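Encoded as structure tokens, the structure appears first; notes follow it.
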Amino acid sequence: MFEDVRDLYNATIIERGRRPRHMRRLDDFDVTAKGDNPMCGDRVQVWVKYAADSTIAATGFDARGCEISKAAADLMVEAVAGHTAEDTKRLFAAFLTLAQTGQCPDCAEALAPMQPLAAVHEYPSRVKCATLPWHALLAALDDKGNASSE
Amino acid sequence: MFEDVRDLYNATIIERGRRPRHMRRLDDFDVTAKGDNPMCGDRVQVWVKYAADSTIAATGFDARGCEISKAAADLMVEAVAGHTAEDTKRLFAAFLTLAQTGQCPDCAEALAPMQPLAAVHEYPSRVKCATLPWHALLAALDDKGNASSE
Amino acid sequence: MNDLPRHTELDIAAIRAQFPILAQKIRGKDLVFLDSAASAQKPRAVIDAMVGAMETQYANIHRGLHWMSERTTDAYEATRDSAARLLNAADRHEIVFVRNTTEAINLVAHSYGRGILKPGQAVVISAMEHHSNIVPWQMLRDAHGTELRIAPITDAGELDIPAYEALFADGKVGLVAITHMSNVLGSYTPAERIVQIAHANGAKILLDGSQAIVHRRIDVQALDADFYVFTGHKLYGPTGIGVLYGKRELLEAMPPWMGGGDMISSVSYERSTWAQVPHKFEAGTPAILEGIGLNAAIQWIEAIGYDAIAAHEAALTDHGLARLSAIEGLTVIGRAQDRGGVISFTLDRAHAHDIATLLDRAGIAVRAGHHCAEPLMRRLGLESTARASFGIYTTPAEIDVLADTLLKVREFFQ
Amino acid sequence: MNDLPRHTELDIAAIRAQFPILAQKIRGKDLVFLDSAASAQKPRAVIDAMVGAMETQYANIHRGLHWMSERTTDAYEATRDSAARLLNAADRHEIVFVRNTTEAINLVAHSYGRGILKPGQAVVISAMEHHSNIVPWQMLRDAHGTELRIAPITDAGELDIPAYEALFADGKVGLVAITHMSNVLGSYTPAERIVQIAHANGAKILLDGSQAIVHRRIDVQALDADFYVFTGHKLYGPTGIGVLYGKRELLEAMPPWMGGGDMISSVSYERSTWAQVPHKFEAGTPAILEGIGLNAAIQWIEAIGYDAIAAHEAALTDHGLARLSAIEGLTVIGRAQDRGGVISFTLDRAHAHDIATLLDRAGIAVRAGHHCAEPLMRRLGLESTARASFGIYTTPAEIDVLADTLLKVREFFQ
Ligand SMILES: Cc1ncc(COP(=O)(O)O)c(C=O)c1O
Ligand SMILES: Cc1ncc(COP(=O)(O)O)c(C=O)c1O
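Residue numbers (this note's numbering), protein chains in the order written: chain A, 1 to 150; chain B, 151 to 300; chain C, 301 to 714; chain D, 715 to 1128.
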């Protein structure tokens, strides 16, 4: 019956949504921020530790919400590892295009981990689930404390 | 062209609207009240002097507004002369029926002066012009100060 | 209030035929619309009334001396009579038109709250309110120094009456604002009783009838409610129009809220005076077309009759509870004795949003999330639920489609 | 703002054919609708958009994960883009939906007035404001201790610029709220100039565009307006919907007004946090269908183009002024240089209400009274005027019918 939704709920998403690999609070972190989607109640918090060269050394998160937002957070951690804040913002812009259109002409290789979310563009009201952890991450990098995926 | 509106703008109304006979402030009065129709800006003030037996000895008014409201005020003064406050309220109830329906099954003879306004019921938004002075009069009799024909 | 669901037969096919939207396909599947508690679909009668006004009889109202304005004023003001009749209000002047329930509650929170309540007095709400009936009282608390007290609910999702009554002990409660039916749990609150308790303790009471009035006959005089509010779009009417009922002497004592045209008696720069109720609370050009549409909705409801509606919806709810409860891993949230056509549920291993997305692929519209009731979710220990809600046009067959599809959703997330 | 009326030809017959109501007869006479400044008639495009939504695509918005809700959200939010485009706003988040101009001004009077202005600061309005732009500032004065200052007008009915400028001398003025076009006199105010003067004196400014936007292209960035407000029903759209434009940083700095669903980010009993702008100011289920109708109206206006509209209306107004001024005993009220399609007048020996009643018998709809501008009437030394106002669909022939009939009204009251 739900064959067509396997494009979104593919094996990676289901696995990462169920058993996220990076869902943990960092005790030793430089910045953190929360993100929430007020329309549906999804919440996420992200912690970041920088390396000496200002690239991201470690990211952890805590999330309550759907499979999509948890899987997106988990994959994001891998995508941004080793990148500077500047780079991460560019990655987010590219991911936003991917999430909204399914296309990503100038996707850096770094965005490969996010590819399993490409089909979310066919589910417009779920795009925010996929981008919420990124909003929180960017708020953390900007030291803003809070973000919303409204 | 305007033959049909002569039922409302009949000779009496035009004459009384233009040259009201009782439009004057009473210097010696017992009660007074103002009335206004907030939707169109018509205003009227009424002064009443009682006789020793509590009937209305004299009524005066000041009005700004249309022919209908001025004529109605002028005719009202004649209709209520010599009546008690109680009687006047009954007269108003009867006049309201006349103004709203054109019919007045239990119109007392006292209401004869108001008959030239019978056609106002065909002009629903003008009924308030005709009843405004009565609202002010009743407010005066109840010593209320203000009335509105909303 | 005492409509025991009787077995009145509603001709559902004929009713459905009056809702053009129900014939739509969603991705090739029949639309199964189970989101009426968020907003109901509109019958032909409502659509026609609005179109008729726009095509044949429209002008601004109240201030016009010409034919179009007179006719439009009559049509709009006739809605006030209909709303008064629907609520059994004593007096048409007790009906104030607003945009929706939210505005109605904000109006009372502002005009009664700041105008009549004193700092230090308390407002009581319940633990199962919609945000609309929480936030305005919070804002009042923060701006005006009133206290906010929460009447708890039981684990079954019913108002905890002894605990509610205890909130009045110190005599500080000035106003109660409580839902008449929960949009999450489907529970009715025992309105007569909570009104009596409020009154016995010298407090006024507002009932949020957004959900209740869709399913049950309301009689504000029998309830002795001080304020009763509802929103047109859930009652098969247009968006943009709602009703605040208030007892006349209360409305008269309250200062106005918004200023502008239509709500004044006279204006000068030094001092303006206010129109009589209800106009004092209706500033500016009203939602004229929406008022006309609401009248059509009310008349349409009256023609069907609350007995038939209540019986139909009780049967649907029983059927829905039976079918959903039978699904392994599905938990129905809220088990109130007296409940209406709203069923919230969770499913093991599947988040509400994911459920809703899968159901949507099958053409089934349900809502998922906190349903604008975050504090209630917290009380229930949940993040979110999925919610199926029924309207006059809902059929048992649609509930079967929901249940059958949920079985497949469960499999999918196995 | 710089549309010099050019002689663009509007196909008025084709435009009129889009307004079903214009074919109505009033007591056997052709309807001559000259009351568009009170509220405009609705074109087929607006009617169809609303019907289309109700028949094929409707659900509550913003919180839904199903097809109907997604589509309805898109349709409603598309109106925000259209409104931003219409006003040339920099950012769609600067568009707040409200019921009408009146609510927009009350929102600013509340949130900016109580939230940002300090007691002792002054608000400037003009001597030709609609009650909607007087009473909210009066209520603010009385509740919050701000001062209310009135910028005078000249006898021609234009804003007295030197006198306006003088009001800022003591540096107390925090906010100006002024009409962009008078609904009584038809005068435009020189918006760029009054904005500059306000800003040069450190004050923010709100322009009431209820009338202006019907006739002229508005560019809030070129004007540098801080707030710009208009009401949908005068712009050929539905009732129940209007727009508040506000610069983003101002909206962000302002506290919310109404509390409820959709305007929150999170809710707990202790403390709630607010959604981002514009949602912070949009509590409760919005006027969804009306928003969709407004979008159709905006697109319809854009398709016709403000150049064509302005040229047509300038020609109509010239013709109207010429024909009416030629009537003995008739006085046109207001002689501003820069004016739009609204003509107020008085007639010797005939009160405005009586004029309106007689015109109505001839099928002609005009307004009579104080036009919700009592203080302006007092300034003019009048009780009331009759007012003819023009829309896109008005024809020179209709103005001739008005003028010819007024001659007969004059005779009647001779
Ligand atoms: C200049 C002006 N401002 C404000 C308003 C009020 O508009 P609304 O009644 O739609 O709020 C009007 C129209 O009535 C107007 O002409
Ligand atoms: C119980 C209850 N109260 C209040 C509301 C708010 O209604 P509206 O959004 O129409 O103001 C709703 C619906 O959303 C509701 O279900």
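Idealized CB from N, CA, C, for every residue including glycine. Nothing here was measured: the structure is a model prediction, and the numbers come from that model.
**Study point:** Given Ile1113 (chain D) as reference, the closest of D:Phe747, D:Ala728, D:Phe733 once Cα atoms are compared
**Key:** D:Phe747
Practice item. Please decide whether Asp1114 (chain D) counts as near chain C, where near means a Cβ-Cβ distance under 8 Å. Key: no
Practice item. Pull up the distance between the alpha-carbon of Tyr569 (chain C) and that of Ser840 (chain D), whole angstroms please. Key: 11 Å
Check your understanding: Would you say Asp186 (chain B) reaches chain C, if we count a Cβ-Cβ gap shorter than 8 Å as a contact?
Key -> yes
Check your understanding: Is any beta-carbon of chain D found at less than 8 Å from that of Asp237 (chain B)?
Key -> no
Check your understanding: Is the region 555-569 of chain C touching the region 587-594 of chain C, taking contact as three or more C-beta pairs under 8 Å?
Key -> no
Check your understanding: Can the beta-carbon of Ala249 (chain B) be found less than 8 Å from the beta-carbon of His271 (chain B)?
Key -> In this structure, Ala249 (chain B) lies near His271 (chain B), with their beta-carbon atoms less than 8 Å apart.
Point to revise | Own chain, CB closer than 7 Å to Ile1069 (chain D), minus 5 neighbours either side, in chain order | key: Leu1061, Ala1082, Ala1100, Val1123
Check your understanding: Between the region 1045-1065 of chain D and the region 892-907 of chain D, do three or more beta carbon pairs fall short of 8 Å?
Key -> yes
Practice item. Within its chain, find whatever has a CB closer than 8 Å to the CB of Ser298 (chain B); leave out the 5 residues flanking it on each side and keep chain order. Key: Gly185, Asp186, Asn187, Pro188, His285
Check your understanding: Any idea which residues DSSP pairs Asp749 (chain D) with across the strands?
Key -> D:Ser1103
Check your understanding: Does the beta carbon of Gly537 (chain C) come closer than 8 Å to any beta carbon on chain D?
Key -> Output row for Gly537 (chain C): interface = no.
Point to revise | Same chain, Cβ closer than 7 Å to Arg720 (chain D), neighbours up to 5 away in sequence not counted | key: Low confidence applies to Arg720 (chain D): its pLDDT is 44, below 50, so where it sits in the model is not reliable, and the reading given next is rough at best. Hits under 7 Å: Asp1021, Ala1025.
Check your understanding: When Cβ atoms are compared, which residues of the region 350-370 of chain C fall closer than 8 Å to chain D?
Key -> Met350, Val351, Met354, Glu355, Thr356, Gln357, Tyr358, Ala359, Asn360, Arg363, Gly364, Leu365, His366, Trp367, Met368, Ser369
Review point. What's the gap between the Cα of Ile315 (chain C) and the Cα of Arg517 (chain C)?
Key: 19 Å
Review point. Rounded to the nearest angstrom, how far is the Cβ of Ala213 (chain B) from that of Met264 (chain B), given a contact under 8 Å?
Key: Ala213 (chain B) to Met264 (chain B), Cβ: 16 Å. No contact.
Check your understanding: Taking Thr32 (chain A) as the reference, which of A:Ala93, A:Ala57, A:Phe61 has the closest Cα?
Key -> A:Phe61
Exercise for review: Please state if the CB of Gly542 (chain C) and the CB of Val701 (chain C) are separated by a distance shorter than 8 Å.
Suggested key: no
Exercise for review: Using a Cβ-Cβ cut-off of less than 7 Å, list which residues of the region 551-582 of chain C approach chain B; keep chain order.
Suggested key: Ile564, Ser565, Ser566, Ala575, Gln576, His579
Check your understanding: What does Asn37 (chain A) pair with, by DSSP beta-bridge criteria?
Key -> A:Asp42
**Study point:** Local conformation of Thr251 (chain B) per DSSP, three classes
**Key:** Here Thr251 (chain B) sits in helix by DSSP.
Review point. Which residue from C:Glu355, C:Cys672, C:Glu683 puts its Cα closest to that of Arg777 (chain D)?
Key: C:Cys672
Practice item. Can you pull the chain D residues whose beta carbon is under 8 Å from the beta carbon of Pro124 (chain A), in chain order? Key: Ordered by position in chain D, the residues that pass the 8 Å Cβ test against Pro124 (chain A) are Glu784, Asp788.
Point to revise | Euclidean distance between Cα positions of Ala11 (chain A) and Thr793 (chain D) | key: Rounded to the nearest angstrom, the two C-alpha atoms are 39 Å apart.
Check your understanding: Secondary structure at Arg306 (chain C), three-state DSSP: helix, strand or coil?
Key -> Here the model assigns Arg306 (chain C) a pLDDT of 44, short of 50, so the residue's position is not dependable and the matter cannot be decided.
Review point. Using the rule of at least 16 other Cβ atoms within 10 Å of the residue's Cβ for burial, across every protein chain shown, is Glu1097 (chain D) buried or exposed?
Key: buried
Exercise for review: Compute the minimum distance between the beta carbon of Asn820 (chain D) and the heavy atoms of ligand 1, and state whether it is under 7 Å.
Suggested key: no
Review point. Taking the C-alpha atoms as reference points, what is the distance between Ile692 (chain C) and Val44 (chain A)?
Key: 39 Å
Practice item. State yes or no: is the C-beta of Met968 (chain D) within less than 8 Å of the C-beta of Thr893 (chain D)? Key: no
Review point. Which residue from C:Glu394, C:Val423, C:Gly352 puts its Cα closest to that of Val520 (chain C)?
Key: Of C:Glu394, C:Val423, C:Gly352, the residue nearest in Cα terms is C:Glu394.
Check your understanding: Residues in its own chain within less than 6 Å of Lys547 (chain C) by CB, not counting five upstream and five downstream?
Key -> Apart from the 5 residues on each side of it in sequence, Lys547 (chain C) sits with its Cβ closer than 6 Å to the Cβ of Asp526 in its chain, given in chain order.
Exercise for review: Could you tell me the distance, in whole angstroms, from the CA atom of Gly593 (chain C) to the CA atom of Lys534 (chain C)?
Suggested key: The alpha-carbon atoms of Gly593 (chain C) and Lys534 (chain C) are separated by roughly 13 Å.
Exercise for review: Report the neighbours of Ser148 (chain A) on chain D: residues whose CB is nearer than 9 Å to its CB, in chain order.
Suggested key: Ser979, Ala989, Gln990
Point to revise | Rounded Cβ spacing between Thr573 (chain C) and Asn400 (chain C) (contact assumed at less than 8 Å) | key: The C-beta separation of Thr573 (chain C) from Asn400 (chain C) comes to about 29 Å, leaving the pair out of contact by the 8 Å criterion.
Point to revise | Residue of B:Tyr273, B:Val196, B:Ala208 minimising C-alpha distance to Asn296 (chain B) | key: B:Val196
Review point. Shorter than 8 Å from the beta carbon of Gln421 (chain C) to some beta carbon of chain D?
Key: no
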